[in-house]
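Numbering-wise (the numbering used here), the sequence shown opens with residue 1 and increments by one.
For every residue, glycine included, the Cβ atom is placed at its ideal position computed from N, Cα and C.
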Amino acid sequence: MDVMSSANAVVGRNVGGLRIERKMSASELARKAGISKATVLSIELGKANPTVDTLQALATALGVTITDLLTDATSGVATTVRRMADAEWHPLGTLRIRPLGTMYGADLVYVFVAIISEEGYSDDGHEANAVESLYVLSGTILAGPTADPVTLHAGDYIRFTADGPHMYRAEDGTAEALLVISRAQIPDVGRLTAVEEM
Numbered sequence: 001m002d003v004m005s006s007a008n009a010v011v012g013r014n015v016g017g018l019r020i021e022r023k024m025s026a027s028e029l030a031r032k033a034g035i036s037k038a039t040v041l042s043i044e045l046g047k048a049n050p051t052v053d054t055l056q057a058l059a060t061a062l063g064v065t066i067t068d069l070l071t072d073a074t075s076g077v078a079t080t081v082r083r084m085a086d087a088e089w090h091p092l093g094t095l096r097i098r099p100l101g102t103m104y105g106a107d108l109v110y111v112f113v114a115i116i117s118e119e120g121y122s123d124d125g126h127e128a129n130a131v132e133s134l135y136v137l138s139g140t141i142l143a144g145p146t147a148d149p150v151t152l153h154a155g156d157y158i159r160f161t162a163d164g165p166h167m168y169r170a171e172d173g174t175a176e177a178l179l180v181i182s183r184a185q186i187p188d189v190g191r192l193t194a195v196e197e198m
């Protein structure tokens with residue numbers, strides 16, 4: 001894939017994801033941006049090379065900046081670990097919140113509660129730019145890229161690129177965790193994964 005095709009794919013993924021996130025039809029986005037529905041769909045498929053004016057119109061209609069449309073938010077995600085011992089809590093109205101991470105983009109996001117055993121789980125990797133996040137609810141878990149896993153305790157968090165080998169394994173008995181998997185909207189077309197069979 002050449003640089004232009006890659007950039008068009010990023011813009012398409014971002015425009016499509018933001019449109020869906022806002023529950024807008026392609027027709028509604030086209031109307032708000034002052035462009036044709038065919039142009040919107042062509043951009044979302046990564047087949048168009050939109051002008052700066054078109055990008056600005058789309059960004060305005062979606063309530064974001066042009067930079068948000070051009071940035072591949074999942075590219076090169078570094079492994080991030082947040083320890084409960086270092087937690088910073090912030091007020092939000094009557095709540096107290098602990099930020100763990102931010103995901104932005106046109107991805108399909110699965111959210112699970114996982115019970116992890118000592119036998120563990122491993123995967124060879126998903127498509128490029130897949131990202132997994134794990135927040136330990138109870139127990140101790142060895143998790144992350146297989147080449148460099150991290151021991152996590154209740155309240156700890158890890159986020160890493162999951163396009164390579166990765167694993168989860170409870171250290172003592174079983175452990176429970178919140179697992180968030182962020183993948184391209186149409187992962188590996190033609191192959192139904194276990195997650196998609198549910």
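Contacting residues, own chain, Cβ-Cβ under 7 angstroms from residue i (five flanking each side not counted)
i: Gly12; result: Ile43, Glu44, Leu45 and Gly46
i: His207; result: Outside the shown range of the chain (1 to 198) lies residue 207, about which nothing can therefore be said.
i: Arg225; result: Any question about residue 225 goes unanswered here, given that the chain covers just 1 to 198.
i: Ile20; result: none
Beta-carbon spacing of residue i, residue j below 8 angstroms
i: Gly139; j: Asp172; result: yes
i: Asn14; j: Asp68; result: yes
i: Gly155; j: Val136; result: yes
i: Gly101; j: Arg159; result: yes
i: Leu201; j: Ala59; result: A question about residue 201 goes unanswered here, because the residues of the chain that appear run from 1 up to 198.
i: His90; j: Arg96; result: yes
i: Val64; j: Leu18; result: yes
Residues of its chain near residue i, where Cβ-Cβ distance is below 8 angstroms and the 5 sequence neighbours each way are ignored
i: Gly190; result: Note on Gly190: pLDDT 35, under 50, position unreliable in the model; the coordinate value appears next. Nothing meets the Cβ criterion.
i: Gly120; result: Leu142, Met167, Tyr168, Arg169 and Ala170
i: Ile66; result: Val52, Leu55, Gln56 and Ala59
i: Phe112; result: Leu178, Leu179, Val180 and Ile181
Alpha-carbon spacing of residue i relative to residue j, whole angstroms
i: Leu70; j: Pro149; result: 32 angstroms
i: Ser36; j: Leu108; result: 26 angstroms
i: Ala38; j: Gly16; result: 13 angstroms
i: Arg183; j: Thr94; result: 33 angstroms
i: Tyr110; j: Ile181; result: 5 angstroms
i: Ala48; j: Pro99; result: 37 angstroms
i: Asp72; j: Pro50; result: 16 angstroms
i: Tyr157; j: Thr80; result: 8 angstroms
i: Asp124; j: Glu132; result: 13 angstroms
i: Glu197; j: Thr146; result: Its pLDDT being 42, under 50, Glu197 is placed unreliably by the model, and the measurement read from it follows with that caveat. If I take the Cα positions, the gap works out to 26 angstroms.
i: Ala7; j: Glu88; result: 37 angstroms
i: Thr151; j: Ser122; result: 15 angstroms
Neighbourhood of residue i by C-beta distance below 6 angstroms, restricted to the same chain and skipping five residues each side
i: Leu41; result: Ala26
i: Ala114; result: Ala177 and Leu179
i: Ser117; result: Ala170 and Thr174
i: Leu134; result: Ala143, Ile158, Ala177 and Leu179
i: Ala33; result: Ala57, Leu58 and Ala61
i: Val10; result: Asp72
i: Met24; result: none
Jot down the residue ranges of each uninterrupted beta strand (DSSP E) in the stretch 42-84, minimum 3 residues, whole runs only, in chain order. Runs of the beta strand (DSSP E) inside the stretch 42-84: 80-82.
List, from N- to C-terminal side, the beta strand (DSSP E) runs of 3 residues or more that fit wholly inside the stretch 122-166. Here the runs fully enclosed are 131-138, 140-145, 150-153 and 157-161.
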